[in-house]
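What follows is a set of notes on a single structure, which appears directly below.
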Amino acid sequence: DVVMTQTPVSLPVSLGGQASISCRSSQSLVHSNGNTYLHWYLQKPGQSPQLLIYRVSNRFSGVPDRFSGSGSGTDFTLKISRVEPEDLGDYYCLQSTHFPPTFGGGTRLEL
Amino acid sequence: EVQLVESGGGLVQPGRSLKLSCAASGFTFSNYYMAWVRQAPKKGLEWVATISTSGSRTYYPDSVKGRFTISRDNAKSSLYLQMNSLKSEDTATYYCARGNGGYWGQGVMVTVSS
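Here the protein sequences come in this chain order: A and B. Numbering follows the working numbering, with no gaps: position 7 of the first sequence is 5. In short: position in the second sequence from 1, add 3, done, that's the working numbering.
In structure tokens:
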């Protein structure tokens, strides 16, 4: 299985500041069709996960432009600018290029 | 509005079976792959099953292969997860998700304990 390594595990931030989360895969996430199936999710306390970014850099419907994704191959980053209180929670990356889909271990964004 | 509502969770003894259901609404259910994802208490997320639009193809990780069966009824816009030979390590909140997780249900708790 593809191992997804997320860092850091915990990320203290200040409101209004910037945060960056890294996700590295044990093998390339470029599919044979040329797409890269790397996605980012936020799980707020007591809630289900919600999709933020799909296929590396595409914001899901309703996601503010403070969230941006980048990367290629095996190295990916989620950046959050102007952090707001509703951004706090657990962030996960997911690869679905290779079966089975695998999640990163998560990053807790906290004050 | 897309809605996914899981049901069927509860407390079950090791070795027994349980069937989860997910009622979908707000989209054309038959057009989407569907999946089950679980989260053990205070742990991360684990993908446990995927099913194709017609139901003809299913996928499982080794951790549940041979014990769990995902199925769907497109006429009823419903997704199912039959869980057999349950183990304590299957204790988790189980989420129904559309496609690659564009939408998730609220989750249902399954506790495997004697």
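Here a beta-carbon is modelled for each residue, glycine too, at the ideal position from N, C-alpha and C. Since this is a predicted model, take the numbers as computed values, not measurements.
Interface flag, residue i vs chain A, CB-CB below 8 Å
i	result
leucine 23/B	no
leucine 48/B	yes
glycine 105/B	yes
glutamine 6/B	no
tyrosine 36/B	no
glycine 58/B	no
glycine 97/B	Checking the displayed sequence, the identity of residue 97/B turns out to be tyrosine instead of glycine. Not one chain A Cβ lies under 8 Å of tyrosine 97/B.
Spatially closest choice to residue i from the options, by CA coordinates
i	options	result
glutamate 84/A	Ser20/A, Arg57/A, Pro6/A and Val61/A	Val61/A
serine 30/A	Gly103/A, Ser59/A, Thr95/A and Ser18/A	Thr95/A
glutamine 45/A	Gln109/B, Ser116/B, Val113/B and Arg60/B	Gln109/B
leucine 109/A	Gln4/A, Val0/A, Thr3/A and Gln16/A	Gln16/A
methionine 2/A	Phe58/A, Gly32/A, Thr75/A and Asn56/A	Thr75/A
aspartate 93/B	Ser81/B, Met112/B, Ser28/B and Ala27/B	Met112/B
asparagine 34/B	Ser117/B, Asn77/B, Tyr62/B and Val115/B	Asn77/B
proline 110/A	Gly87/A, Gln93/A, Leu92/A and Cys91/A	Outside the shown range of chain A (-1 to 109) lies residue 110/A, about which nothing can therefore be said.
serine 57/B	Gln42/B, Gly105/B and Phe32/B	Phe32/B
lysine 46/B	Gly105/B, Ala95/B and Pro64/B	Ala95/B
glutamate 82/A	Gly103/A, Asp63/A, Gln93/A and Ser70/A	Asp63/A
serine 28/B	Ser117/B, Val115/B, Lys79/B and Gly105/B	Lys79/B
Whole-Å CB distance - residue i paired with residue j, under 8 Å assumed
i	j	result
tyrosine 52/A	asparagine 103/B	7 Å
valine 22/A	threonine 72/A	The sequence shown places arginine at residue 22/A, not valine. Rounded, the Cβ-Cβ distance is 6 Å, consistent with contact.
tryptophan 151/B	tyrosine 98/B	Residue 151/B cannot be examined here, being either before or after the span of chain B that is shown, 4 to 117.
valine 5/B	cysteine 25/B	Incorrect: roughly 12 Å between the Cβ atoms, too far for contact.
glutamine 41/A	isoleucine 19/A	Rounded, the Cβ-Cβ distance is 13 Å, inconsistent with contact.
8 Å Cβ cutoff, residue i in contact with chain B
i	result
phenylalanine 58/A	yes
leucine 92/A	yes
leucine 49/A	yes
tyrosine 39/A	yes
proline 6/A	no
proline 43/A	no
serine 23/A	no
glycine 103/A	yes
tyrosine 89/A	no
Residues in the region 62 to 89 of chain B having any Cβ partner in chain A nearer than 7 Å: Tyr62 and Pro64
At a cut of 8 Å, does the region 3 to 20 of chain A reach the region 60 to 70 of chain B through at least three beta carbon pairs? no
Taking one C-beta from the region 31 to 38 of chain B and one from the region 48 to 60 of chain B each time, how about it: are there three or more such pairs within less than 8 Å? yes
Would the region 8 to 21 of chain B and the region 79 to 99 of chain A be scored as touching if the rule is three or more Cβ pairs under 8 Å? no
Three or more beta-carbon pairs under 8 Å between the region 15 to 29 of chain B and the region 79 to 93 of chain B, yes or no? yes
Members of the region 62 to 74 of chain A that neighbour chain B once the beta carbon cut-off is set at 7 Å: none
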